[in-house]
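Colleague: Here the protein sequences line up with chains A and H, keeping their order.
Last residue of the first sequence: number 673 in the working numbering, and the count goes up by one each step with no gaps.
Last residue of the second sequence: number 1319 in the working numbering, and the count goes up by one each step with no gaps.
Where is the CB? At the ideal position from N, CA and C, for every residue including glycine.
Source: prediction; values computed, not measured.
Take a look at this one; I'll ask things after.
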Amino acid sequence: MNEVYVVTVGLAGLIAAILGGALPLASRVGAAVALTWLSCGAGIAAAVSVLSSGHVISLSTTAILPLTGVTLVLNPLGALFVISISVVALASTLYWLGYASHGLDTRSASSALPLFVTSMLLVPFAASVATFLVLWEMMALTSLVLVLTDQSRREAARSAAQWYAVMTHAGAAAILLALILLSAHSGGQTFADIEAHARHLSGAVRGTIFVLALLGFGSKAGAVPLHVWLPKAHAEAPGPASALMSGAMVNLGIYGIILVGNELLGGGPVWWWLLVSLLGVVSALYGALYAATSSDLKRLLAYSTTDNMGLVLIALGASGLFGAVGRPTTAAIAMVAALLLLINHSVFKGALFLAAGAVQAATGTRDLDRLGGLMRRMPVTGVVFFVGALSVAALPPFNGFVGEWLLFQGLLHGLPTSNTSVVISVAVAVAALALTGGLTVAAFVKATGIGFLGRARSIEAAEAHEAAITMRLGAAALATLCLVLGLVPMLVLPAIERAAASAGRVSATSATGGWISLHLLGLRGVLAPSLLAGGLAIAVLVVIVIRRLTHRRSHAWPAVNPVEPWGSGRKLQTARMQYTATSFAEPLQRVFDDVIRPSRDLDVSHFVESRYYIERIAYHTSNDDVLERHFYRPFIASVRWWGQRARRLQNGSVHRYLAFGFVALVIVLVVVA
Amino acid sequence: MNGLTHVLTQVLVALFQVAAVAVGGPLLLGLMRKVRSRLEGRAGAPIHQPLLDLRKLFAKQRMRPRDSSWVFGAGPVVLVATVVAVTAVSPLVSASPPLGQSSDFFAVVFVLLLGSVLLALSALDTGTAFGGMGSSRSMTIGALCEPALLVAILAMAIAARTSNLPALVRVGISHPAVIASPARILALASFLVVILAESGRLPVDNPSTHLELTMIHEAMVLEYSGADLGLIILGESMRLVFLLGLFVNLFVPWGVADRPGVLFVGLGLLALVAKVCAVGATIAVFEVFTAKLRLFRLPELLAGGFVLALLGALTAVVR
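This is the structure in structure tokens:
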């Protein structure tokens, strides 16, 4: 029975891709969505059966890939990822039905999107090097097609796709190397063979493999400094595709790190996990800082993805560290925190990207400085974004808070310990977490407040219309899930614990409790999210009633009177007088000037008659990614320079090429002899 | 039957704490203003003046900017509700407050943050330059406060091996040495800096400024009137009392009711009032002799708070 699910995931996805490419315009998106849903449903069924029974599903055939064959195994860890991907995919494809008319109904897109979903669903199933790499590459290529959707209209989309293509393949090369090294040293290419042999490898080999895998998978998860593609590709991908990339695909980067680090290699020494934590700290701070200062809605969300993956890496690193110094309880809590943060991120970032896609579809822009007032024009989308923003800012009663609380508890109870490097790294991690939290709040107050509140800053925003019903449904479903998981995290905790246990070397249960409160086993830490939310709700009701009751003379005037806001005596205020995203972020940008190093251009032109009168002032500021500017661009330039030099060697003359061949042959002979 | 009386006492204690903070908040504002005016050589308004102001505000009409949305109306309500919710479950008067087992320091901080975020959003909802200015500045300060605050909590929590608030207070009663430990002292110093910054007191923000361009908090609430303004003043003052109450109970926990009984709760209230008034008056005296810092000098102050907290955390670990 379980095998039927697995086959259904793949087959339904394939048929969806074929139909999406073959059917006429009227029916292709509908058919593709229906079959993708079937594929996701089968994925969820398989995952639930694995998580509830604890038995793995395995399936292997030599009929598909020649030479190596396909090996598919689903363990509890993979099952958790399948569920998180399916949930985002179900919502995003529902949303796609309404979004399709905004340029996402071409044959290539309708074929690539189902294939993208299916390949993501199948990656956690892959249990051999060849299977894994094929699915991984399929995922990268189909998402690349989706990033390119808008390329005919937008130059930026083409450039984003180029960055994405190069970075994802550099990452894939690192992963390929790591997996080849593993299978070469263990004499087999299935993960079961590798797992059996990996612990006999020398420390240096294991370390090399882990670092390579960390680089490759880290680049997929958007870890700094390998993140440069992410804010470009996630921002340029059309609505549902960006939700899938940010809500589901980055998860697989983390999955890869757990797969190689914890499952295949079975954990490692302290320095591995210090490296992971360091990567996490840098990513979290860097992502949060750029999210706080960015004024492009989707770029902001993409940087926040880097930030959130940083938090997951911190939790993962902490789990490894505590495991390595013999603190299994806290190691388990940190691992559960990492997976919970990941699931939460999928849900809220999916909702946020879907809402941002709806805004872009309605107004044609992602520039926060041209938005505003959308809460009244697009109430459902506005509320979805609002809920997502509160979740990502880790505010109760939404889901982001529970994960962050668990991470704090894990770090707190991991101390004190005798290992100095662990102590210092945990202290640094907490400080980074806290600063990241503050910056994230600022970033999302800005995104919500400037984008959706106040007055419209452009005609497009003033005339925006609410998104189609399926788009609203898809986004609202994820927003509802943000609240549900925030109130009752126990819905997913048992599954997460099972997955954490299968990720290896951590004890099974760490945080349990009834439906109401969350107890940390063996430690003093209790959180009752639903009671907290209930108390808040009662307090809100009481305050509203008091506000009503004290309003005694309600018959004399309306309860709330809409008026012109105060303008320091000025009669008319225009929307241009409001704070923009750029001005909102200015104080923070100034505080972190040394890190971001924004380029500013102030151009003041005076009247020719007198220098005392100013004709116009032009102010331009841009905060391009500092790593891109100071590392990647010079690197690309130097590659180009060497390329130009190398061109001199090629002048088209056959004689010269023959001479090169001869010289090379002589050199080889000399070296060999 | 026993269970029912237990629940009833718990609810009563919660209501008692909320009522004490709701009345105490405006009175503390009045007291601080009184101390300031006396030191500045003025007679000053009576201490209960803020309560009279609130009564007046609640009878007045509410107004909202023409282009605002539901967020504008939700801001003040959520602000007060968050303070009420955390007040009910925190160890202010009693060391074993209702639901005390799940009253976690991190949770309390994040619930309070929800109120600040909603207020910052409603400031942006006004669609004016002042709202945006106040919101932007308060979020900048908030973002820089967060590290100091959370690391301070961590420092205290590591020493007590839990971040449960009643437990943190009780450990001070049972083991007074914990309070004198460098970890607790450094963390509380940092916590005090954060309280001053978060509640808009000098040297971070001037609560009695009348110049829009220097405002932070006042610029955010410029558009509120009537009951909404009343709720904001009430919420902010309750938050100040709540944070100061938490601070004093962590610093000098004696007097807090650590067993049930009307007598002990009454004593707990008296002790809380005395301690909070003392700290409030000290802050007021400090404010007379302090000038507001430039906005861009604030990061230095808050970074100082952060360093104190980090040192506290490190001493807690090393021991």
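Could you round the C-beta distance between Val336 (chain A) and Leu297 (chain A) to whole angstroms and report it? I think they count as a contact, below 8 Å.
Modeller: Their Cβ separation, rounded to whole angstroms, is 32 Å, which puts Val336 (chain A) and Leu297 (chain A) out of contact at 8 Å.
Colleague: Please check if any C-beta of chain H sits within less than 8 Å of the C-beta of Met375 (chain A).
Modeller: Chain H, which has a Cβ nearer than 8 Å to the Cβ of Met375 (chain A), makes this yes.
Colleague: Looking at the structure shown, is Arg524 (chain A) part of a helix, part of a strand, or coil, going by DSSP?
Modeller: Strand, per DSSP.
Colleague: One question on the structure: do Val392 (chain A) and Phe452 (chain A) come within less than 8 Å of each other, judged by their Cβ atoms?
Modeller: It is not a contact, given that the beta carbons lie outside the stated cut-off.
Colleague: Could you give the distance in angstroms between the alpha-carbon of Ser143 (chain A) and the alpha-carbon of Ser108 (chain A)?
Modeller: So the two alpha carbons sit approximately 11 Å from each other.
Colleague: Report back the beta-carbon spacing between Leu97 (chain A) and Thr470 (chain A) to the nearest angstrom; my notes put them in contact at under 8 Å.
Modeller: That pair is a contact at about 4 Å.
Colleague: Name the residue from H:Gly1030, H:Val1080, H:Ile1047 and H:Phe1072 whose alpha carbon lies nearest to the alpha carbon of Val1018 (chain H).
Modeller: For Val1018 (chain H), the nearest C-alpha among the options comes from H:Val1080.
Colleague: Taking the straight line between their C-alpha atoms, what separation do you get for Ala160 (chain A) and Leu141 (chain A)?
Modeller: For Ala160 (chain A) and Leu141 (chain A), the distance between alpha carbons rounds to 14 Å.
Colleague: Distance check for Ala1148 (chain H) and Val1307 (chain H), CA to CA, integer angstroms please.
Modeller: Spanning the two alpha carbons is a distance of roughly 8 Å.
Colleague: Indicate whether at least one CB of chain H lies closer than 8 Å to the CB of Gln573 (chain A).
Modeller: Taking Cβ atoms only, chain H reaches closer than 8 Å to Gln573 (chain A), which makes this a yes.
Colleague: DSSP three-state call for Met1063 (chain H): helix, strand or coil?
Modeller: Correct three-state label for Met1063 (chain H): strand.
Colleague: Output yes if chain A places a C-beta closer than 8 Å to the C-beta of Met1238 (chain H); else output no.
Modeller: With 8 Å as the cut-off, Met1238 (chain H) does not count as an interface residue toward chain A.
Colleague: If I'm right that Asn344 (chain A) touches Leu485 (chain A) with Cβ under 8 Å, what's the distance once you round it to whole angstroms?
Modeller: Going by Cβ atoms, the distance from Asn344 (chain A) to Leu485 (chain A) rounds to 6 Å, so yes, they are a contact pair.
Colleague: Pick helix, strand or coil for Arg616 (chain A), following the three-state DSSP scheme.
Modeller: DSSP places Arg616 (chain A) in strand when its eight states are reduced to three.
Colleague: Identify which residue in H:Val1193, H:Ala1274, H:Lys1034 and H:Arg1137 has its Cα closest to the Cα of Val1151 (chain H).
Modeller: Looking at the Cα atoms, H:Val1193 is the closest of the given residues.
Colleague: To which residues of the same chain is Ser622 (chain A) closer than 7 Å at the C-beta, ignoring the five residues directly before and after it?
Modeller: Result list for Ser622 (chain A): Pro598 and Ser599, in chain order.
Colleague: Decide if Leu415 (chain A) is buried, meaning its Cβ has at least 16 other Cβ atoms within 10 Å, or exposed.
Modeller: Leu415 (chain A) comes out buried.
Colleague: Pro231 (chain A) and Arg299 (chain A) look like a contact to me (Cβ under 8 Å); what is the Cβ gap, rounded to whole Å?
Modeller: With 8 Å as the limit, Pro231 (chain A) and Arg299 (chain A) qualify as a contact, their Cβ atoms being about 5 Å apart.
Colleague: Looking at Pro238 (chain A) and Gly103 (chain A), is the spacing between their C-beta atoms short of 8 Å?
Modeller: Yes, the pair counts as a contact, with Cβ atoms nearer than the cut-off.
Colleague: Give me, in chain order, the residues of the same chain whose beta-carbon lies closer than 6 Å to that of Arg377 (chain A); leave out the 5 immediate sequence neighbours on both sides.
Modeller: Hits under 6 Å: Ala464.
Colleague: For the alpha helix (DSSP H) holding Ser599 (chain A), just list the boundary residues, first then last.
Modeller: No alpha helix (DSSP H) holds Ser599 (chain A); the beta strand (DSSP E) holding it covers Ser599 to His606.
Colleague: The beta strand (DSSP E) with Val560 (chain A) in it runs from where to where?
Modeller: Residues Val560 to Val563.
Colleague: From Val563 (chain A) to Ala447 (chain A), what distance separates their C-alpha atoms?
Modeller: Cα to Cα, Val563 (chain A) sits roughly 25 Å from Ala447 (chain A).
Colleague: Run down chain H in chain order and give the residues with a C-beta less than 8 Å from the C-beta of Leu406 (chain A).
Modeller: Here the premise fails: no neighbours, minimum Cβ distance about 10 Å.
Colleague: For His270 (chain A), decide whether its Cβ has a neighbour in chain H, counting only Cβ atoms nearer than 8 Å.
Modeller: Inspection of the sequence shows that residue 270 (chain A) is occupied by Val rather than by His. Chain H contact via Cβ: absent.
Colleague: State the DSSP-derived secondary structure class of His519 (chain A), mapped to helix, strand or coil.
Modeller: Strand at His519 (chain A).
Colleague: Leaving aside the five residues before and after Arg158 (chain A) along the sequence, list all residues of the same chain whose C-beta is less than 6 Å from its C-beta, in chain order.
Modeller: Around Arg158 (chain A): Gln151.
Colleague: Just checking, does the stretch 1136 to 1147 of chain H make contact with the stretch 1274 to 1285 of chain H on the three C-beta pairs under 8 Å criterion?
Modeller: Touching, no.
Colleague: Please name the residue, chosen from A:Asp193, A:Val383 and A:Leu406, that lies closest to Thr329 (chain A) on a Cα-to-Cα basis.
Modeller: Of the candidates A:Asp193, A:Val383 and A:Leu406, the one whose C-alpha sits nearest the C-alpha of Thr329 (chain A) is A:Leu406.
Colleague: Taking DSSP's pairing of strands, which residues face Asn1164 (chain H) in a bridge?
Modeller: Paired residue(s): H:Asp1104.
Colleague: CA-CA distance, Arg656 (chain A) and Phe191 (chain A)?
Modeller: Those two C-alpha atoms are separated by around 49 Å.
Colleague: Taking contact to mean at least 3 C-beta pairs separated by less than 8 Å, is the stretch 87 to 94 of chain A in contact with the stretch 67 to 79 of chain A?
Modeller: No, the stretch 87 to 94 of chain A is not in contact with the stretch 67 to 79 of chain A.
Colleague: DSSP three-state call for Ala126 (chain A): helix, strand or coil?
Modeller: In this structure, Ala126 (chain A) counts as strand in the three-state DSSP scheme.
Colleague: Going along the chain, which residues of its own chain have a beta-carbon closer than 7 Å to the beta-carbon of Leu1295 (chain H), five neighbours each way excluded?
Modeller: Excluding residues within five positions, the ones whose Cβ falls inside 7 Å are Arg1137.
Colleague: Of the choices A:Leu371, A:Val384, A:Gly372 and A:Ala362, whose alpha-carbon is the least far from that of Ala351 (chain A)?
Modeller: Checked all of A:Leu371, A:Val384, A:Gly372 and A:Ala362; the closest Cα to Ala351 (chain A) is A:Val384.
Colleague: Applying the criterion that 16 or more other CB atoms from any shown protein chain within 10 Å of the CB defines a buried residue, is Ile424 (chain A) buried or exposed?
Modeller: Exposed, since its Cβ has fewer than 16 Cβ neighbours within 10 Å.
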